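Report on the following structure.
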Amino acid sequence: MRFIPVQSLMEGMVIAKSLYDINQQLLLREGTTVQKGYIERIARLGYQGIYIDDEISKDIEVKDVIRDELRMKAIQSVKDAFIYNDLSTLSGQKQAKQKIDVTKMLITNIVEEILENKDTMINLIDLKFFDDYTFFHSVNVAVLSILIGAELGLSREQLFNLGLASILHDIGKIFIDKDILNKPEALTESEYTTIRKHSEYGYTYLKNTFEIPAAVYVAVLQHHEHYNGLGYPNQKSKEDISLLGRIICVADVYDALTSNRPYRKGLLPSEAMEYIMANGGIMFDIKLTKIFARKVAPYPVGTYVRLSTGDLGIVVKNNSEACMRPIVKVFVDKYGNKVSPQIIDLKEDRLLRNVTITGVNDIA
Ligand SMILES: [Fe+2]
0 MRFIPVQSLM EGMVIAKSLY DINQQLLLRE GTTVQKGYIE RIARLGYQGI YIDDEISKDI
60 EVKDVIRDEL RMKAIQSVKD AFIYNDLSTL SGQKQAKQKI DVTKMLITNI VEEILENKDT
120 MINLIDLKFF DDYTFFHSVN VAVLSILIGA ELGLSREQLF NLGLASILHD IGKIFIDKDI
180 LNKPEALTES EYTTIRKHSE YGYTYLKNTF EIPAAVYVAV LQHHEHYNGL GYPNQKSKED
240 ISLLGRIICV ADVYDALTSN RPYRKGLLPS EAMEYIMANG GIMFDIKLTK IFARKVAPYP
300 VGTYVRLSTG DLGIVVKNNS EACMRPIVKV FVDKYGNKVS PQIIDLKEDR LLRNVTITGV
360 NDIA
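Read left to right, the sequence shown gives residues 0 to 363 (numbering that gives the first Met the number 0).
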């Protein structure tokens, strides 16, 4: 399969990965042929594109680090957790606790699945809808954070704490006026100040409401602190920020940058990776940005790329030790002629040492 940006979708293409709508109901099943009307619908939901199957990409497998089913359940649990219960009543308290228990169980499962797939690089292409951005984003941040934590060799207990903190990192937003959160125009300074309070609100809410380890709510408090001390709310720097808080910060920024938002288009994974790497030692702990580059593919498998030679191909596999130089299947030459497919490993091939990727998904 390969990834096709929504603007390059055409009738007759065959969908390779099922699509769900905002209520997690199946929208288009794997194997369905794209028909007139589908394309606009897919774009309207906020998808950047979809995976399709064709002759040239039939042997390319895109593997997620967690199963679709578990991802959908996790998205639903965040959605539930973001519905505030009246804590002044016993039933409200009970419901809030039940919801957190479901989230805890799902985090345990996500940690186990990620540990099983620990050696794969994550091929994260944004598949979020506008309306459910926060919930999709929270789960992505959890998956990315746990992946970094696993690579760091954290214990299962630490990974659980990291997963819980990362999936709930923005829970404090339930205490912020929806009109400010959803405002499409530029925010005023006072509105920014209000939004920035969400990390403290989340900390207080989690600490006072649930029986969860301190490491979890401290990480929620610190997820917007920056390594150089210029973050918020307490301008903590370097190792004064907890390790879990530092990890969530990297994952949060990466996923936010790659997301389509109603007011701007998301960056490509390679562009977002460049931003993360450039901020190693500034916004982020450099040790973590290096691990991030080993685990997250800037050119995800199935992405269409243009090489500096002018040839076109599809990314087949990633090299974790050289993330900018994946293995590419070239099938169109620089003159635009179809050629018999050739596999090129940009890391190994000495003749191709100077070949780089210069464009992504710019044609289909
Ligand atoms: Fe946040």
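Note that CB positions come from ideal geometry on N, CA and C, so glycine has one too.
Note that the coordinates shown come from a computational prediction; the quantities given were computed from them, not determined experimentally.
- Under DSSP, I326 forms a beta bridge with K316 and D344.
- Between ligand 1 and the CB of D254, the shortest heavy atom gap is not smaller than 8 angstroms.
- Ranked by Cα distance from S236, the first of L242, N227, L161 and T302 is N227.
- Excluding residues up to 5 positions away in sequence, K333 lie with their Cβ nearer than 6 angstroms to the Cβ of G309 in the same chain.
- In this structure, the beta-carbon distance from K177 to H197 does not fall below 9 angstroms.
- Annotation for D169 indicates a beta carbon within 8 angstroms of some heavy atom of ligand 1.
- For T288, no pairing in a beta bridge is given by DSSP.
- Within the same chain, and ignoring the five residues on either side of L143 in sequence, the residues whose Cβ sits closer than 6 angstroms to its Cβ are A250.
- For Y50, the enclosing beta strand (DSSP E) begins and ends at G48 to D52.
- When secondary structure is reduced to three states using DSSP, K337 falls in the strand class.
- Checking the 8 angstroms criterion, the Cβ of H225 is out of range of every heavy atom belonging to ligand 1.
- V300 is positioned such that its CB atom lies closer than 9 angstroms to that of N122.
- The three-state reading of DSSP puts I281 in coil, since its state is none of H, G, I, E or B.
- For Y19, DSSP records a beta bridge to L25.
- If only uninterrupted alpha helix (DSSP H) runs of at least 4 residues are considered, those enclosed by the region 167-205 are 177-180 and 188-194.
- Here the alpha carbons of L267 and E190 stand approximately 29 angstroms from one another.
- A straight line joining the alpha-carbon of M12 with that of D20 spans about 20 angstroms.
- Distance check between Q75 and each of S154, K35, T208 and S137 places S137 closest, using alpha-carbon atoms only.
- Annotation: the continuous beta strand (DSSP E) that includes I3 extends over R1 to P4.
- Taking C-beta separations shorter than 7 angstroms and ignoring five residues to either side along the sequence, the partners of D254 in its chain run H136, N139, V140 and L143, following chain order.
- In this structure, the beta-carbon distance from V5 to G48 falls below 9 angstroms.
- A164 is not a Cβ neighbour of V110, given a cutoff of 9 angstroms.
- Ligand 1 approaches S198 closely enough that one of its heavy atoms is under 8 angstroms from the residue's Cβ.
- A distance criterion of 8 angstroms places the beta-carbon of D176 beyond contact range of ligand 1, judged by its closest non-hydrogen atom.
- The C-alpha of K337 is placed about 48 angstroms away from the C-alpha of H222.
- Between V64 and Y50 a beta carbon distance of about 16 angstroms is seen, past the 8 angstroms cut, so the two are scored as non-contacting.
- Under the three-state reduction of DSSP, V138 is assigned to helix.
- Looking from the CA of F330, the closest CA among G152, K103, L205 and I343 belongs to I343.
- T208 carries a helical assignment under DSSP once its states are collapsed to helix, strand and coil.
- In the three-state reduction of the DSSP assignment, T32 falls in the strand class.
- If you draw a 10 Å sphere on the C-beta of L8, you find 16 or more other C-beta atoms in it, and that means buried.
- Contact between I179 and I194 holds: their C-beta atoms lie close to 6 angstroms from each other, under 8 angstroms.
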